[in-house]
Amino acid sequence: MSQIELVSQQYRAHFGSDPQQVIHGPGRVNLIGDHTDYNDGFVLPAAINFGTDIAATQRDDKLVRVLAVDCDNETVEFSLDDISFNENKMWANYIGGTLLALLKAYPNITGADLVVTGNVPQGAGLSSSASFEIAILKTFAALNAIDLDGIQAALMGQDAENNFVGCNCGIMDQLISALGKENNAMLLDCRSLTFEHAPIPENMALLIVNSNVKRGLVDSEYNTRRKQCEAVASHFDKPALRDVTLEQLLAAENDLEAELVKRAKHVITENTRTESALTALQNNDMEKMSQLMAQSHLSLKNDFEISTPEIDFLVDTIAAQLGSEGGVRMTGGGFGGCVIALAPKYLVDAVTQKIAATYQQQTGLKEQVYVCVATDGAFNR
Ligand code: GLA
415 MSQIELVSQQ YRAHFGSDPQ QVIHGPGRVN LIGDHTDYND GFVLPAAINF GTDIAATQRD
475 DKLVRVLAVD CDNETVEFSL DDISFNENKM WANYIGGTLL ALLKAYPNIT GADLVVTGNV
535 PQGAGLSSSA SFEIAILKTF AALNAIDLDG IQAALMGQDA ENNFVGCNCG IMDQLISALG
595 KENNAMLLDC RSLTFEHAPI PENMALLIVN SNVKRGLVDS EYNTRRKQCE AVASHFDKPA
655 LRDVTLEQLL AAENDLEAEL VKRAKHVITE NTRTESALTA LQNNDMEKMS QLMAQSHLSL
715 KNDFEISTPE IDFLVDTIAA QLGSEGGVRM TGGGFGGCVI ALAPKYLVDA VTQKIAATYQ
775 QQTGLKEQVY VCVATDGAFN R
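In case it helps, the working numbering puts the sequence shown at residues 415 to 795.
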């Protein structure tokens with residue numbers, strides 16, 4: 415049964431009628447460009463064929479009633495006039511936060527009955543929360559006949575994360591979930607919010623391997639990294655690290671703490687790599703992609719210091735299988751989660767078997783493998 419049929423059936427069972435519509439918001443994987451988005455830099459993610467589905471019917475009052483199938487069938491009920499933080503059901507805050515952001519621009523929207531389900535692995539760094547936020551925004555935009563565009567929606571999703579949920583994330587996850595394009599990654603300029611498509615060659619697969627390392631440190635370390643980047647930008651009296659060159663950074667090396675120099679070096683070099691990756695993909699130059707992804711991983715590991723031994727093991731194992739025919743690196747916020755490989759389809763089985771034969775033995779953890787395709791974003795469907 416498709417996700418759409420499944421969520422429609424669940425809606426019928428819970429609310430006793432057919433839903434008016436079903437909306438899908440995809441998760442994402444980032445091919446290259448990590449911890450660059452909140453430095454006004456470049457990222458190259460793709461929306462993937464795992465996401466959040468919402469079956470919904472509009473109401474003529476302000477009530478929102480929700481069943482969250484994947485959260486033990488928990489329910490919430492609240493009024494659009496009275497949205498407050500839910501201490502007990504964290505998932506409900508993604509709805510409350512995005513609706514508060516939507517209400518700022520569209521105060522007259524009405525409520526809805528919703529059933530939510532999804533298949534993005536949670537806590538794996540594949541943006542289950544952004545897929546949820548974008549699906550909620552598309553749902554309410556469609557029900558209320560609001561002409562919301564993908565960029566507005568992405569900004570609202572980020573507003574919800576930053577100001578309601580309490581996560582200081584950048585704009586990448588929401589933008590790609592809203593605007594992704596089938597069979598393409600996208601180079602997003604996180605300052606101008608403009609983008610360019612980067613075709614994923616037909617013979618290549620997006621091979622995602624979840625390390626299943628619990629990402630415990632991620633929130634506090636993410637915020638620390640962000641503050642460190644901002645500190646270096648203000649040392650140079652610039653709005654963001656995007657405006658600082660490698661030459662400027664190295665010339666000021668003695669005026670800054672060594673750790674800050676390493677953090678900034680990652681961001682500045684990652685921006686350059688990410689722009690080069692667009693050209694490499696457009697030219698179907700896998701040898702170049704392979705190098706850029708390898709350099710990105712080393713930079714995240716050594717300069718940004720957000721990898722883990724398990725992730726490094728996966729990256730090294732996969733890199734040895736791919737050679738210069740594909741690339742592999744950690745992806746997302748760090749401290750566990752997934753690695754992404756751009757792998758020739760004919761090598762996928764060999765890579766998967768190699769990991770199955772070695773990863774658990776080495777780390778005591780069992781990996782999960784997802785072979786994905788790049789899909790359309792929620793606002794591109
Ligand atoms: C998380 C954040 C994004 C981005 C990445 C790292 O996914 O939500 O905004 O900063 O980490 O690239």
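Even glycine gets a Cβ: it sits at the ideal position worked out from N, Cα and C. Keep in mind it's a predicted model, so treat the numbers as computed, not measured.
Near ligand 1: residue i beta-carbon under 6 angstroms from a heavy atom
i    : result
D448 : yes
C583 : yes
M586 : yes
D451 : yes
G441 : no
G465 : no
G537 : no
G747 : yes
Inter-residue Cα distance where the pair is residue i and residue j
i    : j    : result
L420 : F650 : 53 angstroms
L655 : L551 : 31 angstroms
S835 : A666 : Since the displayed the chain opens at 415 and closes at 795, residue 835 lies outside it and no answer follows.
V490 : F546 : 16 angstroms
N502 : E488 : 11 angstroms
G511 : I585 : 15 angstroms
F578 : V534 : 22 angstroms
N708 : L602 : It should be noted that the sequence gives Ala, not Asn, for residue 708. Answer to the nearest angstrom: the Cα atoms are 21 angstroms apart.
Q588 : G571 : 6 angstroms
A427 : A461 : 30 angstroms
E644 : D669 : 16 angstroms
G447 : I497 : 35 angstroms
L674 : V646 : 7 angstroms
H449 : S431 : 44 angstroms
E661 : S690 : 19 angstroms
R639 : I523 : 38 angstroms
A798 : G564 : Here the chain covers residues 415 to 795 and nothing more, so residue 798 does not appear.
Y773 : E781 : 7 angstroms
M700 : T693 : 11 angstroms
G532 : T466 : 4 angstroms
K476 : K518 : 15 angstroms
P653 : P459 : 24 angstroms
K641 : S738 : 36 angstroms
N558 : E719 : 45 angstroms
Integer-rounded CB distance, given that residue j should sit under 8 angstroms from residue i
i    : j    : result
R442 : D527 : About 28 angstroms separates the two Cβ atoms, so there is no contact after all.
I769 : M744 : The Cβ separation is near 15 angstroms, so there is no contact.
S625 : G751 : 7 angstroms
G380 : P433 : No answer is possible for residue 380: it lies beyond the span of the chain, which begins at 415 and ends at 795.
A470 : Q435 : 6 angstroms
M600 : A757 : About 20 angstroms separates the two Cβ atoms, so there is no contact after all.
F464 : L540 : 7 angstroms
P615 : N716 : At roughly 29 angstroms, the Cβ-Cβ gap does not stay under 8 angstroms, so P615 and N716 are not in contact.
Y508 : A574 : 7 angstroms
A672 : V658 : About 17 angstroms; that fails the 8 angstroms criterion.
V762 : L620 : Contact flag wrong, Cβ pair sits at about 10 angstroms.
L779 : V627 : 7 angstroms
Beta-ladder partner(s) of residue i, from DSSP
i    : result
E491 : R479
E610 : L601
R442 : A461
A755 : L621, V742
G778 : G778 pairs with nothing; no bridge assigned.
Y773 : Its beta-bridge partners do not exist; DSSP assigns none.
V529 : A469, L481
V436 : A469
Y784 : I622
F456 : D603
Residue i beta carbon near ligand 2 (any heavy atom closer than 6 angstroms)
i    : result
C752 : For the structure depicted, ligand 2 is absent and the ligand set comprises only ligand 1.
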